[in-house]
Amino acid sequence: MILLYDGSFEGFLSLVYKVYYKRLQPNEIYKILPNKILFEEIIEIETSKENSTKVLNAIKKNFNKQSLQKILNIFMCDTKNFELDLLSFIIIGFKDKNELFNINNPYVFSLNTLEKEFFRLVHKMYAYARFEELEDGTLYAKIDSKFNVIYFLAKHFMKRFNNQKFIIHDVKRKLAFIKTNDFIGVQEVASFEVPTYSQNEEKFQKLWKSFFNAVSIKERENLKLQQNQVPLIYRTYMSEFFNEPTKK
Amino acid sequence: MRKDIYEKMEILSNSAKYDVSCSSSGVETNYKKGELGATHTSGICHTYTADGRCVSLLKVLLTNFCIYDCAYCINRSSNDIQRAAFAPRELADITINFYKRNYIEGLFLSSGIISSEDHTMSLILRTLKILRHEYKFNGYIHVKLIPGGSMELVKEIVELANRVSSNIELPSDKSLKLLAPNKTKEKVLQPLKYARDLSLEKGKQPIGMSTQLIVGATPESDKDILKLSSVLYDKGLLKRVYYSAYIPVNDDKNLPAIITKPPMLREHRLYQADWLLRFYDFSYDEIVSEEFPNLDEDVDPKTSWALNNLSYFPMEINKVSKEELLRIPGLGARAVAKILNARRFKRLGFDDLKKLKISIKRAKYFITCNKEFQKQIPFYKDSIKQALTKPPKKKIYQPSLFDIEYSAITGEL
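Residue numbers (our numbering), protein chains in the order written: chain G, 58 to 305; chain B, 677 to 1089.
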């Protein structure tokens, strides 16, 4: 049996509801049907506000806070097929919430591992996100990441740039966190124009690049180590790596 | 000739690069509403240079003019190199602009000594004041205190910085006298002692301090170095000691020849030993002894300790305490946490460790899981060491072009 849902958190909770009340036993769960021949029964789950709220309230009531947080974090890993594991996790939790801390349980362990991967990525993005200054002083960062990290980045940079206006733009997910004087929050970005950068921008990028090259010790050069630490996938928007050699 | 800002940056960061310390960790988050910048407890590495080292802070010298003539230092007064200096405001502006672009966690400010110790320190202090008071900057600031500076200036800097340091560079007074005739250990440690006393006075959390030791320029053994570090940690004087493989930059009759390669492996082993001191509750004399004053380069210090103390092993991972688990070679803090967590629910076997993705490549020779023990290698020091350093290679069979044991047409055997 294959379940299909719309990819939203409410959609997934509605799916949990259906699984419980219709005693479904899915073998696979998809957001979008894959491009291959499927011989099994396909059930499309309708997203229902009512059902999802019921499930969410039940989870809030029965689970520890950490477990709920874990479910939310896992949901940010939108490029991974976490649904079956997460479904099992929730089912286990309703039976015995303490079992959710038993890392010998394969579902718990696999979600823990995924959550760890997620936080590793979040930490990398804290480090590798790069802002550029726009004409009006707003700091603008384009990001491109495997998982949806924008909420965590927003929280992090709200502390750092508390007196600045800034935008974090997840290009592929078409989401942006915006902080201006009169708006703070995440918005969908339908289309956007290339912004005008401040006059200083080029100067500081050049200065940064000259610093970056000067602090490296030639006798210790180790491009392989460098690439392990900053894999090419992160370098898209990191100006210091433009036109730099990579590992042979 | 006036240098432009890019040239200055190149000269002054180039001169600062031999300072290893570049961490921004270990401080409480301190953001304030309406201000700029916050520190991050775990520290953040914002990029990695071509030598694979982390860049966390804008690491520059305020100036590389220097009145001292230390033999190992690239900026010594007798060297003919390009010199430059930042104005305090200029440097503060760069710091703020780098920070806003998320290039750095903050500033690592060091300096050559221009005209006098106190003059240099007051320039540093001015930079800090602009950053903290004028720009309301709460990011990380690390200042290298100048040996021989006055207590009043140290006091003001300690109040504004997140961490201060003073580099001992050489592990003994004798070497210092030889290579850095203007410095003594006393003089180098003096600002750190000041800083400690100041923060103790106020009863606040003492400011984090660190130092750096050069490895391989002088004949001291690893024992001398680790003993020194251990003493400094025990006295609560320092949070960290950095080790820097000596890279020859000057030709000097008292130094190793300029062609020698930096002793990178030795540096690595020293860091491993240092971690054992700080996080694994080892004491230095467990790691190095009178008899073997240097660390074994073939195996890491923990393995080396275990091999010399086989009587504690094999340990049953379902029984022994956390402290004992931490002494098993190849198991780090994370693996230990996983084991402690998992064994509350069941008795662990080798399979369970595998499922928990705990690597037992090294640990397997030193543990029993549910009374089970690996069977390939006998429990003797030499055979375990042999197995750890030279694992049996898998034989790769390369068929020759004219091997005709199989059909040339179908490829069947």
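From the three backbone atoms N, C-alpha and C, an ideal C-beta is built for every residue, glycine too. As the structure is a computational prediction, the values presented were derived from the model and not from experiment.
Compare the C-alpha of residue i against each of the options and name the closest.
i, options, result
"GLN82/G", "ASP142/G, GLU192/G, PRO252/G", "ASP142/G"
"SER699/B", "LEU688/B, ARG729/B, GLU686/B", "ARG729/B"
"ASP769/B", "LYS820/B, ASN755/B, MET685/B", "MET685/B"
"GLY64/G", "VAL112/G, LYS127/G, MET133/G, THR110/G", "MET133/G"
"ALA871/B", "VAL840/B, PRO847/B, TYR779/B", "VAL840/B"
"LYS222/G", "ILE207/G, ILE241/G, THR195/G, LYS231/G", "THR195/G"
"GLU258/G", "SER273/G, GLU245/G, ILE225/G, TYR197/G", "TYR197/G"
"THR894/B", "LYS863/B, LYS903/B, LEU854/B", "LEU854/B"
"ILE800/B", "LYS911/B, PHE813/B, ILE817/B", "ILE817/B"
"LYS199/G", "ALA115/G, PHE249/G, TYR74/G", "PHE249/G"
"CYS746/B", "LEU846/B, ASP957/B, LYS903/B, VAL834/B", "LEU846/B"
"ARG777/B", "LEU264/G, LYS203/G, LEU60/G, GLN244/G", "LEU264/G"
"HIS722/B", "GLN286/G, GLU97/G, HIS213/G, LYS111/G", "GLN286/G"
Using beta carbons (cut-off 8 Å, strictly below), is residue i in contact with chain G?
i, result
"ARG808/B", "no"
"PRO764/B", "no"
"LEU902/B", "no"
"ILE890/B", "no"
"GLY728/B", "yes"
"VAL676/B", "Since the first and last residues shown for chain B are 677 and 1089, residue 676/B lies out of range."
"LEU734/B", "yes"
"THR705/B", "yes"
"ASN778/B", "yes"
"GLY710/B", "yes"
"GLU686/B", "yes"
Once DSSP output is grouped into helix, strand and coil, what is the label at residue i?
i, result
"ASP227/G", "strand"
"GLN1052/B", "coil"
"ILE923/B", "coil"
"GLY719/B", "coil"
"VAL864/B", "helix"
"LEU914/B", "coil"
"MET797/B", "helix"
"SER851/B", "helix"
"VAL272/G", "coil"
"MET885/B", "strand"
"VAL834/B", "helix"
"SER959/B", "coil"
"GLU190/G", "strand"
"LEU1089/B", "Only weak support is given to the placement of LEU1089/B: the predicted model assigns it a pLDDT of 48, under 50, and the value that follows is read from those uncertain coordinates. The answer is coil: DSSP assigns LEU1089/B none of H, G, I, E or B."
"SER1083/B", "Annotation note: pLDDT 49 at SER1083/B (below 50); position unreliable, coordinate value reported separately. Reduced to three states, the DSSP call for SER1083/B is coil."
"ASP747/B", "Per the sequence shown, the amino acid found at residue 747/B is Ala instead of Asp. In the structure shown, ALA747/B sits in coil (DSSP, three-state: anything other than H, G, I, E or B)."
"THR293/G", "helix"
"PRO288/G", "coil"
"PHE741/B", "coil"
Run down chain B in chain order and give the residues with a C-beta less than 8 Å from the C-beta of residue i.
i, result
"MET295/G", "THR723"
"TYR183/G", "HIS716, ILE720"
What I want to know is whether the C-beta of residue i ends up closer than 7 Å to one or more non-hydrogen atoms of the ligand SAM.
i, result
"ASN161/G", "The model on display carries no ligand, and the ligand SAM is accordingly not part of it."
Step through the CB atoms of chain B and report whether any lies within less than 8 Å of the CB of residue i.
i, result
"GLU190/G", "yes"
"ALA186/G", "yes"
"ASN161/G", "yes"
"LEU210/G", "no"
"PHE166/G", "yes"
"LEU113/G", "no"
"LEU157/G", "no"
By how many angstroms is the C-alpha of residue j removed from the C-alpha of residue i?
i, j, result
"PHE209/G", "PHE299/G", "27 Å"
"ILE1004/B", "VAL975/B", "14 Å"
"ASP193/G", "ASP239/G", "15 Å"
"ILE149/G", "PHE166/G", "13 Å"
"ILE901/B", "ASN838/B", "26 Å"
"SER1083/B", "LEU70/G", "Any reading at SER1083/B is ruled out, since the residue's pLDDT is 49, under 50, leaving its predicted position unreliable."
"GLY884/B", "LEU836/B", "12 Å"
"ILE207/G", "THR1065/B", "45 Å"
"LYS260/G", "ASP727/B", "25 Å"
"MET215/G", "THR705/B", "13 Å"
"ILE1043/B", "TYR988/B", "10 Å"
Against residue i, what residues of chain G qualify as contacts under a CB-to-CB distance less than 9 Å, listed in chain order?
i, result
"GLY713/B", "LYS216, ARG217, PHE218, ASN219"
At a CB-CB cut-off below 7 Å, which residues of chain B make contact with residue i?
i, result
"LEU178/G", "Near LEU178/G there are no residues of chain B at all, since even the closest Cβ is about 14 Å away, more than 7 Å."
"LEU282/G", "GLY728"
Taking Cβ-Cβ distances shorter than 9 Å, what residues in chain B pair up with residue i?
i, result
"LEU289/G", "In chain order: nothing, as chain B lies at least about 13 Å away."
Since residue i meets chain G, which of its residues come closer than 7 Å, beta carbon to beta carbon?
i, result
"SER689/B", "PHE268, ALA271, VAL272"
"ALA1018/B", "ILE160, ASN161"
"ASP927/B", "Residues of chain G passing the Cβ test: none, with the nearest at roughly 15 Å."
Cβ closer than 8 Å: which chain G residues qualify as neighbours of residue i?
i, result
"TYR922/B", "What TYR922/B touches in chain G: nothing, since even the nearest Cβ is about 11 Å away."
"ASP680/B", "Per Cβ cutoff of 8 Å: no residues; ASP680/B is ~10 Å from chain G at best."
Where the stretch 932 to 952 of chain B meets chain C: residues whose CB sits under 7 Å from a CB there:
No chain C is present in this structure, whose protein chains are G and B.
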